[in-house]
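Working notes for the structure below.
Residue numbers (our numbering): 1 to 402.
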């Protein structure tokens, strides 16, 4: 079998962790499998590198940030390769250039274009464990470009798809995918399996167990994903096309505090206005989630929407520069907000899901400021300080406890 194993930063945080990962990879290697390992940077390395940049300038260019951040994965990959070699098994580390991991040119949020498999296959043919840097690719300018936080998951799935791997294992610090974050909801239950669609929604809505683009890619190319713990050998959660979730209407509850709300006030109430606003943001690669439009006064309207908190300053700057062109009277924003969502394929055929969620939030004394729905999820915007009790109340209301 060809197995791709991805380990996050906490799994390679120190010497002991690195050797634990090395032994785990060697165990499967000695069973006759070909092993490719994809790594994140060690521990909090990425955050530390960001702080180093802030020591130099408050506004570093995105290109230089990617040059800096790409070093983190190169350190962990080379150290793991050394550890595997020291245990008597041949290994080689490769960065994005050496693999030829091609991506788009958007620094800080590049998307995968293709992965050349020749170099990796060559090393596998020599019976080596191949350790590859996650999170990074090479763009058309021959620059490093990173795939966004959590992008190592996407790196692993892209490599698995390119080499037609039999299995892609994503190792994390929890045993698999839970009905809610077990660090917030103590009685959350681990799922044996979950569909790509439900996992994609959970990942997009704040569940940090998988990068949303990795799930999107796994679904597109039919990559078999398993989410497992790096700390034990417990069976994980299988992410697949169709999953049986024990007749549960809801498969999970997710929250996302990396959210800001922006309101543009007093724009003309006529066709094309919303298009111009959101097209301006789209051209600058800013994703918008919840949208609420309300009627103002004197032929005007107000539009509120949510974005990632990381995009707040850039979004405010863009809107301010385009204020006159877009006909905006005022721009307001709020930082201390969060999204909470329920996700489940069972919502399609079961009325009353929204009412039950809103009742649970009412019982917890949580106010809702925005609502968005789709076929498999309901998302609301609430105060950031209410997230924990909202999660617990909603999780209990749907009977998701272990």
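By construction, the Cβ of each residue, glycine as well, lies at the ideal position given by its N, Cα and C atoms.
With H, G and I counted as helix, E and B as strand and the rest as coil, what does DSSP make of residue 363?
Residue 363 falls in the helix class under three-state DSSP.
Classify residue 245 as buried or exposed, calling it buried when 16 or more other Cβ atoms lie within 10 Å of its own Cβ.
Model confidence at residue 245 stands at a pLDDT of 49, short of 50, so the residue's coordinates are unreliable; what they give is reported in the following sentence. Under this definition residue 245 is a buried residue.
The alpha helix (DSSP H) with residue 221 in it runs from where to where?
Annotation for residue 221: the continuous alpha helix (DSSP H) segment containing it runs 212 to 221.
The alpha helix (DSSP H) with residue 74 in it runs from where to where?
62 to 86
Around the C-beta of residue 250, are 16 or more other C-beta atoms found within 10 angstroms, so that it is buried, or is it exposed?
It is buried - the Cβ of residue 250 has at least 16 other Cβ atoms within 10 Å.
Could you pull the DSSP bridge partners for residue 377 from this structure?
343
Residue 293 - DSSP class collapsed to helix/strand/coil:
DSSP, reduced to helix, strand and coil, places residue 293 within a strand of the structure shown.
State the DSSP-derived secondary structure class of residue 129, mapped to helix, strand or coil.
strand
Neighbourhood of residue 63 by C-beta, 7 Å cutoff - its chain only, sequence neighbours within 5 removed
The beta carbon of residue 63 sits closer than 7 Å to the beta carbons of 107, 143 from its chain, once the five residues preceding and following it are set aside; these are given in chain order.
Using 8 Å as the threshold, is the C-beta distance between residue 53 and residue 76 below it?
no
Report buried or exposed for residue 233, applying the criterion of at least 16 other Cβ atoms within 10 angstroms of its Cβ.
exposed
Is residue 2 closer than 8 Å to residue 163 when the C-beta atoms are compared?
yes
Per DSSP, what kind of secondary structure is residue 91 in: helix, strand or coil?
strand
What number of angstroms, rounded off, separates the C-alpha of residue 178 from the C-alpha of residue 319?
39 Å
Runs of beta strand (DSSP E) lying entirely within the stretch 123 to 202, each at least 3 residues, in chain order:
Within the stretch 123 to 202, the runs of beta strand (DSSP E) that reach at least 3 residues and sit entirely inside it are, in chain order, 129 to 133, 136 to 138, 144 to 146, 167 to 172, 193 to 195.
Taking only runs of the alpha helix (DSSP H) that begin and end inside the stretch 3 to 56, which ones reach a length of at least 4 residues, in chain order?
15 to 29, 45 to 56
From residue 167 to residue 193, what distance separates their C-alpha atoms?
15 Å
Taking only three categories from DSSP, how would you classify residue 232?
In the structure shown, the three-state DSSP call for residue 232 is coil.
Helix or strand or just coil, what does DSSP make of residue 225?
strand
What is the rounded straight-line gap between the Cα of residue 113 and the Cα of residue 101?
Residue 113 and residue 101 have their C-alpha atoms spaced approximately 8 Å apart.
Per DSSP, which residues does residue 305 bridge with? Please list them.
262, 291
According to DSSP, is residue 393 part of a helix, a strand, or is it coil?
helix
If you draw a straight line from the alpha carbon of residue 269 to that of residue 158, how long is it in whole angstroms?
44 Å
Considering only C-alpha positions, which residue in the set 394, 342, 32 is nearest to residue 378?
Minimum Cα-Cα distance from residue 378 among the listed residues 394, 342, 32 corresponds to 342.
Just list the residues that DSSP pairs residue 372 with in beta bridges.
379
Which of the three DSSP states, helix, strand or coil, is assigned to residue 237?
strand
Can you tell which of 241, 279, 280, 205 has its C-alpha closest to the C-alpha of residue 253?
205
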